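2 protein chains.
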Amino acid sequence: MKKTRLFTPGPVMIPEDVMLHMAQPMEHHRTSFYRDMLADVTEHLKYMFQTEHADCLVLTGSGTCAGEAAIVSSIHKGMNKALNLSGGKFGERWGKICKAFELDYTDHVMDWGTSATAETVTKLMDADPAIDTVICVHSETSTATLTDIEAIAKVTQARDAVLIVDCITSCGCIPFKFDEWGIDIAFTGSQKAMMLPPGLAFACVSPKAWRRIDKAPCHAFYNDLKAHRKAIRSWDNPYTPANTLVLGLQKVLHGFKERGLENIWKETHMLAEATRSAAKALGLGVYSKSPADSVTAITIPDGIDEGKLRKRMRSEHGMQIAGGQDDLKGKIIRIGHMGYVDASDTLAVIAALELELKLQGHNIELGSGLKAAQEVIFKATQG
Amino acid sequence: MKKTRLFTPGPVMIPEDVMLHMAQPMEHHRTSFYRDMLADVTEHLKYMFQTEHADCLVLTGSGTCAGEAAIVSSIHKGMNKALNLSGGKFGERWGKICKAFELDYTDHVMDWGTSATAETVTKLMDADPAIDTVICVHSETSTATLTDIEAIAKVTQARDAVLIVDCITSCGCIPFKFDEWGIDIAFTGSQKAMMLPPGLAFACVSPKAWRRIDKAPCHAFYNDLKAHRKAIRSWDNPYTPANTLVLGLQKVLHGFKERGLENIWKETHMLAEATRSAAKALGLGVYSKSPADSVTAITIPDGIDEGKLRKRMRSEHGMQIAGGQDDLKGKIIRIGHMGYVDASDTLAVIAALELELKLQGHNIELGSGLKAAQEVIFKATQG
Numbered sequence: 001m002k003k004t005r006l007f008t009p010g011p012v013m014i015p016e017d018v019m020l021h022m023a024q025p026m027e028h029h030r031t032s033f034y035r036d037m038l039a040d041v042t043e044h045l046k047y048m049f050q051t052e053h054a055d056c057l058v059l060t061g062s063g064t065c066a067g068e069a070a071i072v073s074s075i076h077k078g079m080n081k082a083l084n085l086s087g088g089k090f091g092e093r094w095g096k097i098c099k100a101f102e103l104d105y106t107d108h109v110m111d112w113g114t115s116a117t118a119e120t121v122t123k124l125m126d127a128d129p130a131i132d133t134v135i136c137v138h139s140e141t142s143t144a145t146l147t148d149i150e151a152i153a154k155v156t157q158a159r160d161a162v163l164i165v166d167c168i169t170s171c172g173c174i175p176f177k178f179d180e181w182g183i184d185i186a187f188t189g190s191q192k193a194m195m196l197p198p199g200l201a202f203a204c205v206s207p208k209a210w211r212r213i214d215k216a217p218c219h220a221f222y223n224d225l226k227a228h229r230k231a232i233r234s235w236d237n238p239y240t241p242a243n244t245l246v247l248g249l250q251k252v253l254h255g256f257k258e259r260g261l262e263n264i265w266k267e268t269h270m271l272a273e274a275t276r277s278a279a280k281a282l283g284l285g286v287y288s289k290s291p292a293d294s295v296t297a298i299t300i301p302d303g304i305d306e307g308k309l310r311k312r313m314r315s316e317h318g319m320q321i322a323g324g325q326d327d328l329k330g331k332i333i334r335i336g337h338m339g340y341v342d343a344s345d346t347l348a349v350i351a352a353l354e355l356e357l358k359l360q361g362h363n364i365e366l367g368s369g370l371k372a373a374q375e376v377i378f379k380a381t382q383g
Numbered sequence: 384m385k386k387t388r389l390f391t392p393g394p395v396m397i398p399e400d401v402m403l404h405m406a407q408p409m410e411h412h413r414t415s416f417y418r419d420m421l422a423d424v425t426e427h428l429k430y431m432f433q434t435e436h437a438d439c440l441v442l443t444g445s446g447t448c449a450g451e452a453a454i455v456s457s458i459h460k461g462m463n464k465a466l467n468l469s470g471g472k473f474g475e476r477w478g479k480i481c482k483a484f485e486l487d488y489t490d491h492v493m494d495w496g497t498s499a500t501a502e503t504v505t506k507l508m509d510a511d512p513a514i515d516t517v518i519c520v521h522s523e524t525s526t527a528t529l530t531d532i533e534a535i536a537k538v539t540q541a542r543d544a545v546l547i548v549d550c551i552t553s554c555g556c557i558p559f560k561f562d563e564w565g566i567d568i569a570f571t572g573s574q575k576a577m578m579l580p581p582g583l584a585f586a587c588v589s590p591k592a593w594r595r596i597d598k599a600p601c602h603a604f605y606n607d608l609k610a611h612r613k614a615i616r617s618w619d620n621p622y623t624p625a626n627t628l629v630l631g632l633q634k635v636l637h638g639f640k641e642r643g644l645e646n647i648w649k650e651t652h653m654l655a656e657a658t659r660s661a662a663k664a665l666g667l668g669v670y671s672k673s674p675a676d677s678v679t680a681i682t683i684p685d686g687i688d689e690g691k692l693r694k695r696m697r698s699e700h701g702m703q704i705a706g707g708q709d710d711l712k713g714k715i716i717r718i719g720h721m722g723y724v725d726a727s728d729t730l731a732v733i734a735a736l737e738l739e740l741k742l743q744g745h746n747i748e749l750g751s752g753l754k755a756a757q758e759v760i761f762k763a764t765q766g
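Chains as they are written, first to last, in this note's numbering: chain R, 1 to 383; chain Z, 384 to 766.
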């Protein structure tokens with residue numbers, strides 16, 4: 001027997017009951033059934049984003065779709081200038097979107113595995129007073145690196161700049177507080193913490209962001225957030241929504257409310273901490289200088305064939321883990337702690353990793369990774 | 384007992400086995416499993432679009448997303464001018480997209496329920512030689528009206544113009560021949576003929592269209608078709624795809640191949656013809672001057688409360704039909720013939736319609752609509 005276990009940092013494993021819930025007979029989206037569901041979902045999304053006054057919007061598309069919507073709706077050509085903090089694959093992408101739409105922006109490129117600080121942002125904004133928008137990735141999935149959004153938001157708030165946050169692999173699994181931190185636009189996707197299939201994306205837009213958005217027309221259509229705001233006022237979407245995924249979303253968000261966001265954050269932290277401890281016990285390093293709890297990037301030592309390792313994790317253990325991208329290809333593996341994954345799954349992937357490392361001749365004591373993980377889990381269970 | 388039956392012209396009913404097939408454990412999209420599936424799906428999409436040399440691309444989004452992709456990728460600002468043939472809600476939308484992206488275009492507005500002819504297009508192109516792109520809706524869902532794309536394509540082909548066709552409620556259910564007719568870009572969505580939930584869209588792009596697309600950069604990102612072309616060369620998507628829907632798509636497209644497109648077209652025609660005959664027998668009119676077989680718009684006579692009718696169709700019979708949009712609100716109902724709907728379902732909706740009309744005092748003989756429909760079905764069954 002070989003179960004399929006997905007440890008990629010999105011798509012993630014999905015609860016079986018959510019999958020079957022989405023398999024029920026199709027309902028149309030212009031019905032009271034759907035409107036009631038969207039109203040309920042919106043209320044629960046506010047809880048997930050931790051906001052009271054922002055609008056939570058449901059888009060049909062991937063996280064990139066919502067990122068584009070945030071950028072093209074709020075950065076007006078000839079009126080605004082964005083500072084894009086880029087320390088990985090996704091930071092790069094938001095800069096590419098600014099470029100494609102011919103927006104005024106500047107990329108601040110950082111070493112992969114590091115994150116921007118409030119001091120850096122202050123310095124960069126001081127040096128270029130035209131900057132009135134900052135784009136920042138909370139948890140950079142490609143490097144498993146966390147940025148201190150709370151600190152950066154203090155800088156943007158003080159200057160009345162608009163802060164756009166990619167919270168694709170943070171919101172819903174690690175601490176994320178839209179209102180309290182002072183974020184203006186945040187966006188995420190369905191296939192991460194929300195443990196759904198890919199196909200939905202979410203944008204959270206503050207009243208301050210709307211004031212900016214309303215200052216000029218948006219030169220895009222599908223991703224114009226104003227169309228979404230207009231529709232949501234009557235619990236509708238501007239274009240046909242991926243409504244089976246909305247069904248699943250409602251079920252997942254109810255589960256979030258029952259479990260409590262803080263408990264989810266704690267559990268994700270425990271899984272990440274257990275994985276990092278196991279990696280160290282196995283003589284492996286944690287890649288990021290500022291590791292995020294949603295996904296762990298583990299450096300692969302010389303002599304270990306990362307491609308073979310990942311391939312065998314799949315063929316022999318049914319486990320899908322992620323490799324590195326671009327320059328990190330072959331150098332790291334990434335294990336996700338988002339979605340429908342628990343301590344048992346995490347121990348399972350550590351166990352398989354131990355076996356495969358040993359098979360490739362890496363000098364480890366079998367069980368040492370598991371022991372280190374167990375210590376973390378035991379401690380967390382106690383309190 | 385009250386079954387849910389969806390007769391809206393998208394979303395449509397979905398085969399139960401397809402729904403359950405999509406509920407299987409999640410697989411990642413950067414695996415040989417997904418790549419093999421995407422290769423197979425692409426091959427089958429070519430059959431659906433009836434093309435040999437065009438690229439078939441899978442986008443995550445609604446049909447509007449794919450429409451925007453077709454428009455912003457191929458119409459370059461300052462280089463091209465589009466003629467948008469607008470005779471309904473969707474024709475209007477493609478013009479709005481041109482406007483949002485500040486493209487050079489002109490709307491040719493027609494009476495709703497009518498369609499453009501080759502002669503009109505010839506005249507309009509003669510009058511404005513700058514026009515090098517024509518945007519046209521094959522089956523205008525808002526009015527259930529068909530346009531003769533084959534004839535219009537002859538005009539655009541002769542002038543080497545690019546023809547963009549919205550085949551959202553045509554491709555896969557009524558005759559549509561990309562290569563033979565000479566279309567350059569066509570696009571559709573998953574929740575129509577393909578009998579899937581909403582969330583995927585498809586674009587079919589000819590070599591001639593690619594030459595146009597390659598002439599200048601696209602000033603959009605998520606909907607830049609070039610990114611999709613690059614990805615599909617290695618059976619990949621540029622951004623995380625709605626992969627559970629791709630699973631369902633593969634199953635549906637295999638079914639299309641087994642049933643044969645021509646048989647599907649015949650069956651859709653039979654359902655439409657049966658519905659139109661029933662409407663006439665019940666003293667109701669068919670709204671469109673050029674009715675499409677994918678959806679039928681039936682005019683509601685004075686004295687019948689359309690809102691109440693539609694509401695009771697749902698509450699008393701479990702059936703969801705569509706009303707009219709904008710000026711047609713309250714004046715027509717629309718019944719779809721796409722997706723997982725057969726003759727029995729179609730008879731069921733006619734029967735419910737008869738009952739509700741009679742209850743509202745409309746002077747009809749019960750069973751007369753059914754009889755008219757049966758005559759059509761019987762004739763079709765005989766071959």
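A virtual CB, placed ideally from N, CA and C, is assigned to each residue, including glycine. For clarity, every value in this text was computed on a predicted model and none was experimentally measured.
Does residue 379 (chain R) pass the burial test, meaning 16 or more other C-beta atoms within 10 Å, or should it be called exposed? Taking the first residue of the first sequence as 1, we reach residue 379 (chain R) at position 379. Label assigned to residue 379 (chain R): exposed.
Does residue 183 (chain R) come within less than 7 Å of chain Z when only Cβ atoms are used? In the first sequence, counting from the first residue as 1, residue 183 (chain R) sits at position 183. No, its Cβ sits nowhere closer than 7 Å to a Cβ of chain Z.
Residue 31 (chain R) to residue 265 (chain R), Cα distance in whole Å? For this step, residue 31 (chain R) is matched to residue 31 along the first sequence. For this step, residue 265 (chain R) is matched to residue 265 along the first sequence. About 35 Å.
Does DSSP classify residue 187 (chain R) as helix, strand or coil? To locate residue 187 (chain R), count along the first sequence from 1; it is residue 187. Strand.
Would you say residue 169 (chain R) and residue 147 (chain R) are within 7 Å of each other, going by their C-beta atoms? Counting from one through the first sequence, the residue named residue 169 (chain R) turns up at place 169. Counting from one through the first sequence, the residue named residue 147 (chain R) turns up at place 147. No.
Other residues of its chain near residue 695 (chain Z): CB distance less than 7 Å, five sequence neighbours each side excluded: Position 312 of the second sequence, counted from the start, is the residue given in the question as residue 695 (chain Z). Around residue 695 (chain Z): 739.
If we define contact as Cβ-Cβ less than 7 Å, is residue 221 (chain R) a contact residue for chain Z? Walking along the first sequence from the start, residue 221 (chain R) turns up at place 221. For residue 221 (chain R), the answer is yes, since a Cβ of chain Z falls inside 7 Å of its Cβ.
Does the stretch 98 to 105 of chain R come into contact with the stretch 597 to 605 of chain Z, if we say contact requires no fewer than three beta-carbon pairs (one atom in each stretch) closer than 8 Å? yes
Run of the beta strand (DSSP E) containing residue 481 (chain Z), from where it starts to where it stops: One-based indexing of the second sequence puts residue 481 (chain Z) at position 98. It is not in any beta strand (DSSP E) - residue 481 (chain Z) instead sits in the alpha helix (DSSP H) that spans 472 to 483.
What does the Cβ neighbour count give for residue 192 (chain R), buried or exposed, with the cut at 16 atoms within 10 Å? One-based indexing of the first sequence puts residue 192 (chain R) at position 192. Its Cβ being crowded by 16 or more others within 10 Å, residue 192 (chain R) is buried.
The stretch 276 to 288 of chain R in contact with the stretch 387 to 401 of chain Z per 3-pair CB rule at 8 Å: no
Rank Z:683, Z:450, Z:519, Z:712 by C-alpha distance to the C-alpha of residue 586 (chain Z) and give the top, closest one. The residue labelled residue 586 (chain Z) in the question sits at position 203 within the second sequence. Comparing Cα-Cα distances from residue 586 (chain Z) to each of Z:683, Z:450, Z:519, Z:712, the minimum goes to Z:450.
Report yes if the CB atom of residue 74 (chain R) is closer than 7 Å to the CB atom of residue 213 (chain R), and no otherwise. Working through the first sequence from its first residue, we reach residue 74 (chain R) at position 74. Working through the first sequence from its first residue, we reach residue 213 (chain R) at position 213. Yes.
Given residue 375 (chain R) as reference, the closest of R:281, R:263, R:200 once Cα atoms are compared: Numbered from 1 along the first sequence, position 375 holds the residue referred to as residue 375 (chain R). Comparing Cα positions, the closest option is R:281.
CA-to-CA distance, residue 338 (chain R) to residue 136 (chain R), given in whole angstroms: For the purposes of this step, residue 136 (chain R) is taken as the residue at position 136 of the first sequence. For the purposes of this step, residue 338 (chain R) is taken as the residue at position 338 of the first sequence. Between residue 136 (chain R) and residue 338 (chain R), the C-alpha separation is close to 20 Å.
Should residue 640 (chain Z) go down as buried or exposed, given a rule of 16 or more other Cβ atoms within 10 Å for buried? Stepping through the second sequence from its first residue, residue 640 (chain Z) is reached at position 257. With fewer than 16 Cβ atoms within 10 Å of its Cβ, residue 640 (chain Z) is classed as exposed.
Where the stretch 596 to 627 of chain Z meets chain R: residues whose CB sits under 9 Å from a CB there: 600, 601, 602, 603, 604, 605, 606, 607, 620, 621, 622, 623, 624, 625, 626, 627
Residue 513 (chain Z): which of Z:539, Z:498, Z:499, Z:569 sits nearest, CA to CA? Mapped onto the second sequence, residue 513 (chain Z) falls at position 130. Looking at the Cα atoms, Z:539 is the closest of the given residues.
Classification of residue 685 (chain Z) by the beta-carbon crowding that lies within 10 angstroms, buried from 16 upward: Taking the first residue of the second sequence as position 1, residue 685 (chain Z) is located at position 302. Label assigned to residue 685 (chain Z): exposed.
Helix, strand or coil for residue 553 (chain Z)? Go by DSSP, reduced to three states. Here residue 553 (chain Z) refers to the residue found at position 170 when the second sequence is read from its first residue. Here residue 553 (chain Z) sits in coil by DSSP.
For residue 161 (chain R), tell me which candidate among R:83, R:43, R:64, R:352 has the shortest Cα-Cα distance. For the purposes of this step, residue 161 (chain R) is identified with residue 161 of the first sequence, where counting begins at 1. Ranking R:83, R:43, R:64, R:352 by Cα distance to residue 161 (chain R) puts R:83 first.
In terms of residue numbering, what span does the beta strand (DSSP E) encompassing residue 336 (chain R) cover? In the first sequence, the residue the question calls residue 336 (chain R) occupies position 336. Run containing residue 336 (chain R): 332 to 336, per the beta strand (DSSP E) assignment.
Flag this pair as yes or no: are the beta carbons of residue 718 (chain Z) and residue 707 (chain Z) separated by less than 7 Å? In the second sequence, residue 718 (chain Z) corresponds to position 335, counting from 1. In the second sequence, residue 707 (chain Z) corresponds to position 324, counting from 1. No.
Shorter than 7 Å from the beta carbon of residue 445 (chain Z) to some beta carbon of chain R? Sequence index remark: in the second sequence, residue 445 (chain Z) carries index 62 (1-based). Chain R, which has a Cβ nearer than 7 Å to the Cβ of residue 445 (chain Z), makes this yes.
For chain Z, is any of its Cβ atoms less than 7 Å away from the one on residue 4 (chain R)? Here residue 4 (chain R) corresponds to residue number 4 of the first sequence, with the count starting at 1. Answer yes: the Cβ-Cβ gap between residue 4 (chain R) and chain Z drops below 7 Å somewhere.
Under DSSP, the beta strand (DSSP E) around residue 586 (chain Z) begins and ends at which residues? As a working mapping, residue 586 (chain Z) is identified with position 203 in the second sequence. From DSSP, the beta strand (DSSP E) with residue 586 (chain Z) extends over 583 to 588.
Would you say residue 783 (chain Z) lies against chain R (beta-carbon separation less than 7 Å)? The structure shown does not extend to residue 783 (chain Z), since chain Z is modelled only from 384 to 766, so the question has no answer here.
Apart from the five residues just before and just after residue 94 (chain R), which ones in its own chain have a Cβ nearer than 7 Å to its Cβ? In the first sequence, the residue the question calls residue 94 (chain R) occupies position 94. 67, 71, 84, 135, 166, listed in sequence order.
Using the C-alpha atoms, what's the distance from residue 598 (chain Z) back to residue 291 (chain R)? Walking along the first sequence from the start, residue 291 (chain R) turns up at place 291. Walking along the second sequence from the start, residue 598 (chain Z) turns up at place 215. Spanning the two alpha carbons is a distance of roughly 43 Å.
Bridge partner(s) assigned by DSSP for residue 82 (chain R): Numbered from 1 along the first sequence, position 82 holds the residue referred to as residue 82 (chain R). Paired residue(s): R:105, R:133.
Can you tell which of R:327, R:114, R:59 has its C-alpha closest to the C-alpha of residue 226 (chain R)? Counting from 1 along the first sequence, the entry for residue 226 (chain R) is found at position 226. Minimum Cα distance to residue 226 (chain R) is reached at R:59.
Contact check, residue 768 (chain Z) vs residue 405 (chain Z) under 8 Å by CB: the rounded distance? Residue 768 (chain Z) is absent from the structure shown; chain Z starts at 384 and stops at 766.
Counted within 10 angstroms of its Cβ, other Cβ atoms place residue 234 (chain R) as buried (16 or more) or exposed: On the first sequence, position 234 is the one that residue 234 (chain R) refers to. Classification for residue 234 (chain R): exposed.
Short-range partners of chain Z found in the stretch 93 to 108 of chain R, where Cβ spacing is below 7 Å: 96, 97, 100, 101, 102
Go through its chain and collect everything with a Cβ distance to residue 407 (chain Z)'s Cβ below 6 Å, but skip five positions before and after it. In the second sequence, counting from the first residue as 1, residue 407 (chain Z) sits at position 24. Cβ within range, chain order: n/a, list empty.
Just to confirm my understanding: we take residue 651 (chain Z), look at its own chain, exclude 5 residues before and 5 after, and list those with CB closer than 6 Å. What are they? As a working mapping, residue 651 (chain Z) is identified with position 268 in the second sequence. Around residue 651 (chain Z): 556, 557, 676, 720.
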